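Asker: Encoded as structure tokens, here's the structure I'll be asking about.
Numbering (this note's numbering), first residue to last: 7 to 951.
Here is the structure:
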């Protein structure tokens, strides 16, 4: 079970999360009929992205997919340049250019985000990795001309806008992006793993972020030469997906991209799959709470036939909830608190990883030995047919759900672009899926034995002070002035106007009830054959048990430990066979248990889902293990900048007596250690009960059909005992001050600031949130523009009203370089004060916020996830079901004086309480100059040990 409220930090692929999977039950429960899922072949047929292609004379390849469900088009440009193309001395150049290409072009100067936001773009960003650089945005159909103008201008007319000031500015931003990653627990492992797997000079041997020394040494002309060599149309793929067809697309693409001259063709680097001559084991120290063992192999890449069986092998070993590593190391032998296995598949190579985070008190050598033995058994005997089938069902189901979005980080445009760029086949996504579906135990075993029997690179990370690492030795760059604005050259005409944007068509919301009174809130969504169900209980963090914080989290973590009918293994395997996902989470006001499943398997999935809701067994003999995992997770929170700040701020900003002050990570470790089975049963019976539930649904199936299935599963469910009750006594926020949490060796400081406001979520904060768009709510906000773009002290700064049913404090988040911590707080105070007094929201900011908000509505509600969240928010904040269907009129009625007055009345800049997580010896002298009391707290003292 996924617990959505977990938010602990770590290296992206190795993030430490609280345990949510259950253990191997010791006592066999009563037999239950195994669910009969639909054949995988039926699911595979649902995965289809029809497309057409054409190529311009300059070499630009174009892929077009038509999807008329919403009046939006995903624009995705993928360049055949990534970090693997970088020679020695130029590492990080591809990623640096990702940043530079957002800073304006010759005919569209200034920040690229401004014209995108004004047209209502959604899902807009850019990324760089080993194999490619991509830029993407989803825009209203009426704004497609403008998006194509912007993309073509930065492809063909960029260099006149790249000045020394822009280069220095974005170098500073990239440096802080690197510091932000390095500052996480296990954040330095990526460098060691790449160096350990690949020989020096190998195209995949260095990280995408690159060397700060290389970036610092780069001249403006060297950087421009890099662009000329790699970013021509003949090195790019353009995908248009959504409310578009090829007859409309072709003349537009020819108009905007046709005149761009081709450049040198990127040469595919020669890539070998290295084999280590002998096993290599290294140990590194980091300020972490638990030992991590990471075992790694270089394996074949995307287009190799052996890639598919290795992906399946990784899932069986450590990707499934019922994986070998999970069942043995975590559930049965209790040697680890988290495990995983994955095959990260790139265009020319793959990186296979097995990972275990050792349970505190266990000898890492024993875990290492058992990992060897589990792998050896797998290589000898292979997976079972059922394991392979479960991997396939899970993979296909995930792909189906991902196809609902036309763009973004993982929608249909991405699938088509990846295939076109990496495999010269936009339809390669289907071949990948078919290859996975075709695997057998024998093919998986053969590929695994061939590649994973070779010597591995093993990195063990142990608790301790970090050793100095090379990148940290690079001296910080001197401050440079912000890059001056450049005038538009105008050689291509004016920026295209935006046509009439079609209004949002929010689905009709229907309501009904089960026979036991549970209300159903339903919207039909037919883009993909998926049903999503969310049981929302009137509980949340506010219902956690005073004096026993963490009770709710532990209760949710135990829901899959078993029922009277199923043990934990059966629960995990049944989900996988059905392609279903069951997860739980909590906001301040609501606790949710959700189900997502291919609709063809809905009836079987509801039998499982209802069993978990109605009959959790909370097996006594497994509670000790789950508590130990939870306690290990709490210790890890205390090594994370975000985890520490997130624990400390809520009691300060809400007041210690507020029920929202209970939002303190995974709870009180002393209370968790003392919790009993009776505590969990009491919480479940008081709060996770039908009279506190509403069920929210999006599905391609009609309400009558879904309701009938829910009636069979939950219609006779009754609560036990007295229901719980929440008390919303107003808390008294702390006086303004700075709390400095000492975290030695931090290259960045994490700043989290909160100010109480008189607002509540039930007040409808649309006006205040719209005003905040200019202060902290968007990339173009005052605080992000100042701290990131102008001063380049941070990778990103944001602020906004943290809305709960009965409270809405204003919270700012700013990870900044350590030597600018005090100056950043001073700048943030100035920015907020000026916004609320002498420099309020201006007409340009107002127009951008209102126009962007209205035009982005169709893109914002393209997916069922978004619709489901909106339905739940409307219900929580007591808004009508047609709230979003009528929101355009609310935006159109707003005035600039109204917005400024609303945020000025809500927010006092002198009320902020500042929590800073950083190295006290570097940071405290800076904080002492700010005129606020400074309290220093050691990280280990944030909670009782």
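Glycine included, C-beta positions come from ideal geometry on N, C-alpha and C. Quick caveat: nothing in here was measured; it's all calculated off a predicted structure.
Ordered along the chain, which non-local residues of its own chain (more than five positions away) have a Cβ less than 6 Å from that of residue 593?
Answerer: Only 546 meet the Cβ criterion.
Asker: With three or more C-beta pairs closer than 8 Å as the rule, is the segment 388-408 touching the segment 598-613?
Answerer: Output reads yes: the segment 388-408 touches the segment 598-613.
Asker: Which term fits residue 24, buried or exposed, when burial requires 16 or more other beta carbons within 10 angstroms of its beta carbon?
Answerer: For residue 24, the predicted structure reports a pLDDT of 27, less than 50, and the residue's modelled location is therefore unreliable. The matter cannot be settled from this model.
Asker: In whole angstroms, give me the CA-to-CA distance for residue 948 and residue 650.
Answerer: Near 7 Å, if we compare the C-alpha coordinates of residue 650 and residue 948.
Asker: Is the segment 772-780 in contact with the segment 680-700, if contact means three or more CB pairs nearer than 8 Å?
Answerer: The answer is no - the segment 680-700 does not touch the segment 772-780, with fewer than three Cβ pairs under 8 Å.
Asker: Kindly identify the DSSP beta-bridge partner or partners of residue 821.
Answerer: Residue 821 is bridged to 756.
Asker: What's the gap between the Cα of residue 826 and the Cα of residue 833?
Answerer: Approximately 10 Å between the Cα atoms of the pair.
Asker: Hey, residue 44 and residue 524: beta-carbon distance below 7 Å or not?
Answerer: Not closer than 7 Å, so no.
Asker: Among 595, 920, 907 and 799, which one has its Cα closest to the Cα of residue 878?
Answerer: Taking only the C-alpha atoms, the option nearest residue 878 is 595.
Asker: Any beta-carbon of chain C closer than 7 Å to the one on residue 291?
Answerer: The chain inventory of the structure shown lacks chain C, comprising one protein chain alone.
Asker: Can you give me the C-alpha to C-alpha distance between residue 900 and residue 124, rounded to a whole angstrom?
Answerer: Looking at the two C-alpha atoms, the distance is approximately 17 Å.
Asker: I need the DSSP call for residue 656, collapsed to helix, strand or coil.
Answerer: Three-state DSSP puts residue 656 in a helix.
Asker: Below 7 Å CB to CB, which residues in the same chain sit around residue 372 once its five sequence neighbours on both sides are set aside?
Answerer: So the list reads 341, once near-sequence residues are dropped.
Asker: Within this structure, are the beta carbons of residue 138 and residue 427 separated by less than 7 Å?
Answerer: For residue 138 and residue 427, yes; Cβs fall inside 7 Å.
Asker: Check residue 364 in the structure and name its three-state DSSP category.
Answerer: Strand.
Asker: Given this structure, state the Cα-to-Cα distance separating residue 586 from residue 579, to the nearest angstrom.
Answerer: One C-alpha to the other measures close to 10 Å.
Asker: Per DSSP, which one or two residues make a beta bridge with residue 298?
Answerer: Answer is 363 and 467, bridged to residue 298.
Asker: Specify the secondary structure class of residue 918 as computed by DSSP and reduced to three states.
Answerer: Residue 918: coil per DSSP, three-state reduction.
Asker: In terms of residue numbering, what span does the beta strand (DSSP E) encompassing residue 577 cover?
Answerer: Careful: residue 577 lies outside any beta strand (DSSP E), inside the alpha helix (DSSP H) at 574-584.
Asker: Count the other CB atoms, across all protein chains shown, that sit within 10 Å of the CB of residue 12; report buried if there are 16 or more and exposed otherwise.
Answerer: Since pLDDT at residue 12 reaches only 26, below the 50 mark, its modelled position is unreliable, and the value read off the structure follows with that caveat. Per the 10 Å Cβ criterion, buried.
Asker: Could you please give the first and the last residue of the uninterrupted beta strand (DSSP E) stretch that includes residue 744?
Answerer: Start and end: 744-748.
Asker: Please report the straight-line C-alpha distance between residue 928 and residue 752, rounded to a whole angstrom.
Answerer: Approximately 9 Å, taken between the alpha carbons.
Asker: Which same chain residues end up closer than 7 Å to residue 185 when comparing Cβ atoms and leaving out the 5 residues on each side of it in sequence?
Answerer: Within the same chain, residue 185 has close Cβ partners 753, 754 and 823.
Asker: Which one or two residues does DSSP pair with residue 71 in a beta bridge?
Answerer: Beta-bridge pairing links residue 71 to 247.
Asker: Which of helix, strand or coil does DSSP assign to residue 350?
Answerer: Residue 350 falls in the strand class under three-state DSSP.
Asker: As a quick exercise: from 220, 57 and 53, pick the residue whose alpha carbon is nearest that of residue 102.
Answerer: When each option's Cα is compared against that of residue 102, the closest is 220.
Asker: Give me the Cβ distance between residue 393 and residue 322, rounded to the nearest whole Å; I'm assuming they're in contact under 8 Å.
Answerer: Their Cβ separation, rounded to whole angstroms, is 5 Å, which keeps residue 393 and residue 322 in contact under 8 Å.
Asker: Mind reading off the beta-carbon distance from residue 560 to residue 636? Whole number of angstroms is fine, and I expect it under 8 Å.
Answerer: So it is a contact: roughly 6 Å between Cβ atoms.
Asker: Work out the CA separation of residue 115 and residue 510 for me, nearest whole Å.
Answerer: Cα to Cα, the separation comes out at about 31 Å.
Asker: Taking only the alpha-carbon atoms, compute the straight-line gap between residue 573 and residue 567 and give it to the nearest angstrom.
Answerer: Rounded to the nearest angstrom, the two C-alpha atoms are 7 Å apart.
Asker: What residue ranges within the segment 198-279 form continuous alpha helix (DSSP H) runs of no fewer than 4 residues, ordered along the chain?
Answerer: You should have 218-223, 226-236 and 252-263.
Asker: Here's the rule: buried if 16 or more other CB atoms are within 10 angstroms of the residue's CB, otherwise exposed. What is residue 1?
Answerer: Residue numbering for the chain in the displayed model covers 7 to 951; residue 1 lies beyond these limits and cannot be assessed.
Asker: Quick check: what's the CA-CA separation for residue 159 versus residue 717?
Answerer: Cα-Cα distance, rounded: 56 Å.
Asker: I need the DSSP call for residue 162, collapsed to helix, strand or coil.
Answerer: Three-state result, residue 162: helix.
Asker: Roughly how many angstroms separate the alpha carbons of residue 205 and residue 551, rounded to a whole number?
Answerer: Roughly 54 Å separates the two Cα atoms.
Asker: From residue 36 to residue 569, what distance separates their C-alpha atoms?
Answerer: Confidence at residue 36 is low in this model, with a pLDDT of 48, below 50, so its placement is unreliable and no value can be given for it.
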